[in-house]
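Each protein sequence line maps, in turn, to chains A and B.
Position 288, counted from 1, in the first sequence is what full-length UniProt numbering calls 288; the numbers after and before it change by one each time, with no gaps.
Position 486, counted from 1, in the second sequence is what full-length UniProt numbering calls 486; the numbers after and before it change by one each time, with no gaps.
Virtual Cβ for every residue (Gly too), placed ideally from N, Cα, C.
Shown next, in structure tokens, is the structure this report addresses.
Protein chains: 2
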Amino acid sequence: MNNEQLTELAQQLRVDSVRAAAAAGSGHPTSSMSAADLMAVLLAHHLRYDFARPQDPANDRFVLSKGHASPLLYAAYKAAGVVDDEELLTFRSQGSRLEGHPTPRQLPWVETATGSLGQGLPVGVGIALAGKRLDHADYRVWVLCGDSELAEGSVWEAAEHAAYENLDNLTAVVDVNRLGQRGATRHGHDLDAYARRFKAFGWHTVEVEGHDVEAVDRAFGEARSTTGQPTVILARTLKGKGVKATEDREGLHGKPVKDADEAIEELGGVRDLRMTVQSPPEARALHSVPTGTLELPRYEKGDEVATRNAFGEALAALGHARGDVVVVDGEVGDSTRAEFFAKEHPERYIECYIAEQQMIAAAVGVATRGWVPYASTFAAFLSRAHDFVRMAAVSGAGICVNGSHAGVSIGQDGPSQMGLEDLAMFRSVYGSTVLYPCDANQTAKLTAAMAGLDGIRYLRTSRGEAPVLYGPEEEFPVGGSKVLRSSEEDRLTLVAAGVTVHEALAAADSLAESGIRVRVVDLYSVKPVDRRTLREAAEQTGCLITVEDHHEEGGLGDAVLDAFGDGRPVPRLVRLAVRNMPGSASPEEQLHAAGIDAESIAAAARLLVEQAVVR
Amino acid sequence: MNNEQLTELAQQLRVDSVRAAAAAGSGHPTSSMSAADLMAVLLAHHLRYDFARPQDPANDRFVLSKGHASPLLYAAYKAAGVVDDEELLTFRSQGSRLEGHPTPRQLPWVETATGSLGQGLPVGVGIALAGKRLDHADYRVWVLCGDSELAEGSVWEAAEHAAYENLDNLTAVVDVNRLGQRGATRHGHDLDAYARRFKAFGWHTVEVEGHDVEAVDRAFGEARSTTGQPTVILARTLKGKGVKATEDREGLHGKPVKDADEAIEELGGVRDLRMTVQSPPEARALHSVPTGTLELPRYEKGDEVATRNAFGEALAALGHARGDVVVVDGEVGDSTRAEFFAKEHPERYIECYIAEQQMIAAAVGVATRGWVPYASTFAAFLSRAHDFVRMAAVSGAGICVNGSHAGVSIGQDGPSQMGLEDLAMFRSVYGSTVLYPCDANQTAKLTAAMAGLDGIRYLRTSRGEAPVLYGPEEEFPVGGSKVLRSSEEDRLTLVAAGVTVHEALAAADSLAESGIRVRVVDLYSVKPVDRRTLREAAEQTGCLITVEDHHEEGGLGDAVLDAFGDGRPVPRLVRLAVRNMPGSASPEEQLHAAGIDAESIAAAARLLVEQAVVR
């Protein structure tokens, strides 16, 4: 396309952005108009993408990090011939594929959901990493960012990661339109300010007038020919470009253009240009995924093994059985035991250093290319990546996450290192699976099972050693539980998971000695929960005591309610959980102080029996 | 102190770090030893701090961002004479003030809890902001960082914020000891790599040999005399410095020194140096806090007002009544309505741009200086700051947080913008208060009440307009609720909050028309919950239907369980919540698709009545 044609195409993208938002009565046309020339040049001359075969492994990948500029994306889809004008005008209406912010749920050309700013570049880094280190393919990753979102720390985690891994297959294009939501950004049109930052982080930088299609074309070319480092194109643009009433004006963020018809006329009217996006070169074979027999580690009953160790050993074994398993970790692999995998499969281990947002984003990125990522760090520090996990669920991304050092039972390190909110966080994520094993064989089985599930899968592991309770042949279906003590005289049921299973067993044994029989359920599958077993326990014993090494909100105690939320009778419930703010102390002291050790559990049970609260 | 004395002091800090960790059997002596010279020089020559009067408003402030180096901090306290040797050796034992990672709970000289890396500098920026913009005081803020933690994006949010606000009262000291937990850091001893990054972000940088006390002394002096920008001192150090067996060695992170006695001998033996930390100049009066009569906005029953608007208007009014209220926002003040406060109190409004971690850190920082911060952004984006909120709770920091645009009821923008996990997140935080008003007068009252509470206080607001239900004189105690429909024939109880209160009322009215009376409870206080009213409703109606614009896990439905977790009889429970992944649609369509609108609620109630599940 010559410059005139490119400019025409850009004007069409603007017009269609204005039209889509006008039809919807909401949306972000002005943020789309600023980036229209960038998008036109990218589509026409640089992106190599077969829209008919979005899964083609040779395709370039495009991520709209500034997800609110979705009208521009959908206008581009129209220009590429994959969305028609009628569909374009369904923007933001119920049932439309063209959502307010793009998601891959119905649109096969969207790599990852965006709309929470500062996430597109981190995920783009993950995709580029897959291309470079895992797929060994030639595709490029293009990420269109806003300038406001560069204030997010996650962008700088991504910048650091990309430069460190020499991702010259990655180009970030920043639409520096000077205006954020509320007003001017910190740096306005000071492109140098951004260039200095990216340069310092090891990127090649190009500054360009973002409405000069020829200059933009050269900038993209420069990005493609730069080797050894990622490139950022910093494009000076005007928000609302092309329409006097909106150009470079404050107060128009996220609003349809007031007089759409007039604006469309000013932009030269409705066009129906179609353009052909260049296809990628002949697809090479996708990464081969060798598979083998899974030989999980086996632990002897009674041995003392930390579940984090079993996780690491199972992960390493899984890596041999499945060539598509990739591990990312936040520089704590010696603690999470992810390093067991690293030692045996260094080519599929990605060190993310202490940058948990980027760690999850890298997992999401490699997952888009068909890999099965396991991300691990301390459970407490996963809270750092909460928004990335949330958005991964919106994307429908399949990622496995491990949080180690859960609960007060870590001991001396104190509350900053204790995961006490992680069950609440992962349970509340859409479509998630939450697993919390108590012994080594159970951990190994669940670690392997996670690879075959959908969506966000969370495994909680513990720091300290615990006796192996189950034999290596035992199966642990997701959604199941294990009844470890049971009799016809059970007066109540202890529901536990992880470290509290061992405490509950000790409590049950001590109660049995005084003639009080109680049932013990190991609820290793926190979400989904085993409703049948819980209902049965409720019907047969009438009272459930939940015991968890987690704050009382959102964890095991609340999970049990899942079995009783349908209007049928509910048993009596008692919840033992961490209600204190722990300090430093030994693991045993911590469990006792929190009232979740065997003694506390037995005392609570005795009280209920003595007060004849339970039958 | 001359150089020899400084070196002696540094050796004592090393020895005491080794001794404390040896006594505890855990801890981080090697990470303490690298920074001992930095700490010695800071204490002896630059920090102005009256240990006897930690609350002195003229005191400098010190933050140990690398919180795992707590042995060094406690050794410094010993050198300053505020902790004796006996107490030093209680390190990490139950009940000791000297926790594994420092918290201000028992130690008045600790400004903020650290131990989750990358948080000390952001909070330090908040304190320095308070000094500069609010207190107008001359104190300096010194933050000792590790090199590993510079991988955290939050550090770069802080770097950006500090430079933008010209915080020349802030000095970051980075202990570049080359080694992280698992091995070498990304940049090892490449001080230039860090200097380039900080320089690009607008900081003055000083590179120094971190074990050369004279050079370190000069570097601190240079930081103090630098104006107009913050300074970072990048100190080249050796982890485990001073002991051959530990110096610059991998694999020794977080472990006591193996042969402690030998190491102590190598370090020159136990010393008992005491030093006097320079006191600050005569304290100026603390920031005056003018107080006035609170004149909250008043809304007429039946008027249509968005709760986010009421929040903004109440906040502006509160700003007039209380001179200590400060507002921070993540560049969405036009949406959260925090801009109403900004317009009337620009001197107490801190724009954090799109950097939610820094926003919460700034709130925590100003709170340490006695201010009452309100932090606001979209509820969904608060998930970005989850770890900062968690650590704020460990600190016991008093901060108010507002999340707007909660739930599917925001409509067309889609799931990336919808807060659907925020109740779970804030409920699970230690000691938190969680409020979710349904009308404008209730919002105004709760907004004001938050200022007087302790710990983390969360207020959830909605985007759309809703009818005012309560008169402006109505009171809404925290921990209370409002029974909006009640009769002796109630067959069940609808428990709602926020937008679902209006849906529940409509459902109740429609059910009443068919002769089915139901109770309606407005559970505006989600944590703590009104146990008495819920129990009464349970006893009188036998069945509770909870209805919430939030995922089913961790929100209102789970909160209700709080009233029934003591072993007494539990009513039948039905939970209506967002179980689908929403797309774009109108607010009404969204509520209907999620099954939480009036029609869905009425249908659920009818089903229960028809099936004779309820009496």
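Residues of its chain near residue i, where Cβ-Cβ distance is below 7 Å and the 5 sequence neighbours each way are ignored
i	result
E553(B)	A424
From the options, residue whose alpha carbon lies closest to that of residue i
i	options	result
D522(A)	E513(A), A260(A), G146(A), V547(A)	V547(A)
G323(B)	P373(B), H592(B), L234(B)	P373(B)
S404(A)	S395(A), P104(A), D413(A), A379(A)	A379(A)
S65(B)	S26(B), A76(B), V110(B)	V110(B)
A449(B)	A393(B), E475(B), C438(B)	E475(B)
G480(B)	R491(B), E152(B), S525(B), L505(B)	S525(B)
A21(B)	L134(B), V289(B), A75(B)	A75(B)
A163(A)	V141(A), L129(A), W203(A)	W203(A)
I399(B)	E489(B), Y458(B), R337(B), G407(B)	Y458(B)
H68(B)	S32(B), H502(B), S416(B)	S32(B)
L42(A)	A80(A), V18(A), A58(A), G411(A)	A80(A)
E295(B)	R14(B), G115(B), D566(B), K445(B)	K445(B)
R105(B)	T368(B), G452(B), D558(B)	T368(B)
V468(B)	K199(B), Q442(B), I456(B), G431(B)	Q442(B)
P477(B)	G419(B), Y436(B), R491(B), E513(B)	Y436(B)
Start-to-end residues for the alpha helix (DSSP H) that takes in residue i
i	result
S225(A)	213-225
R485(A)	No alpha helix (DSSP H) contains R485(A), which is instead part of the beta strand (DSSP E) from 482-485.
A603(B)	598-610
L591(A)	587-593
E465(B)	Here E465(B) belongs to no alpha helix (DSSP H); instead the beta strand (DSSP E) covers 465-467.
L294(B)	Run containing L294(B): none; DSSP gives neither H nor E here.
N- and C-terminal bounds of the beta strand (DSSP E) containing residue i
i	result
S62(B)	Ser is not the amino acid found at residue 62(B); the sequence shown has Phe there. Its beta strand (DSSP E) spans residues 61-64.
Y458(B)	456-460
G403(B)	399-404
K527(A)	525-527
residue 616(B)	Because chain B spans 1 through 615 in this model, residue 616(B) falls outside it and cannot be assessed.
P373(A)	372-378
Below-7 Å beta-carbon distance, residue i vs any chain B residue
i	result
M581(A)	yes
Y77(A)	no
L561(A)	yes
G333(A)	yes
R337(A)	no
V18(A)	no
A363(A)	no
A585(A)	yes
E99(A)	yes
Distance cut-off 6 Å: residue i Cβ against heavy atoms of the ligand NAP
i	result
R224(A)	For the ligand NAP, the structure offers nothing, since it holds no ligand at all.
Cutoff 7 Å: residue i Cβ touching any chain A Cβ
i	result
I354(B)	yes
Q442(B)	no
P528(B)	no
Y164(B)	yes
Sequence-distant residues of the same chain with beta carbon closer than 8 Å to residue i, five excluded per side
i	result
A316(B)	F340, F341, K343, E344, H345
S96(A)	E87, T90
F201(B)	W156, A159, E160, A163
Q181(A)	S148, H253, G254
R427(B)	V434, V526, K527, G554, G555, D558, A559
6 Å Cβ shell around residue i - same chain, five flanking residues per side excluded
i	result
H502(A)	A466
T171(A)	W142, A223, T231
G120(A)	V63, S65, T114, V143
Self-check item: Inter-stretch contact at 8 Å, needing at least 3 Cβ pairs: the region 227-237 of chain B / the region 229-241 of chain A
Solution: Contact between the region 227-237 of chain B and the region 229-241 of chain A is absent, with fewer than three C-beta pairs closer than 8 Å.
Quiz item: On the three-pair Cβ rule with 8 Å, is the region 590-598 of chain B touching the region 589-598 of chain A?
Solution: With the cut-off at 8 Å, the region 590-598 of chain B and the region 589-598 of chain A do not touch.
Exercise. Decide yes or no for the touch test of the region 139-157 of chain A against the region 103-117 of chain A: beta carbon pairs closer than 8 Å, at least 3 of them.
Key: Yes: at least three Cβ pairs fall under 8 Å.
Exercise. Give a yes or no on contact between the region 403-419 of chain A and the region 256-266 of chain A, applying the rule of three or more CB pairs nearer than 8 Å.
Key: At 8 Å Cβ cutoff, the stretches do not touch.
Quiz item: Are the region 354-371 of chain B and the region 120-129 of chain B touching, with three or more C-beta to C-beta distances below 8 Å?
Solution: Contact check between the region 354-371 of chain B and the region 120-129 of chain B: three or more CB pairs, one atom from each, fall below 8 Å, which counts as touching.
Quiz item: Is the region 598-615 of chain A close to the region 37-53 of chain B, with three or more CB pairs under 8 Å?
Solution: Segments in contact, no.
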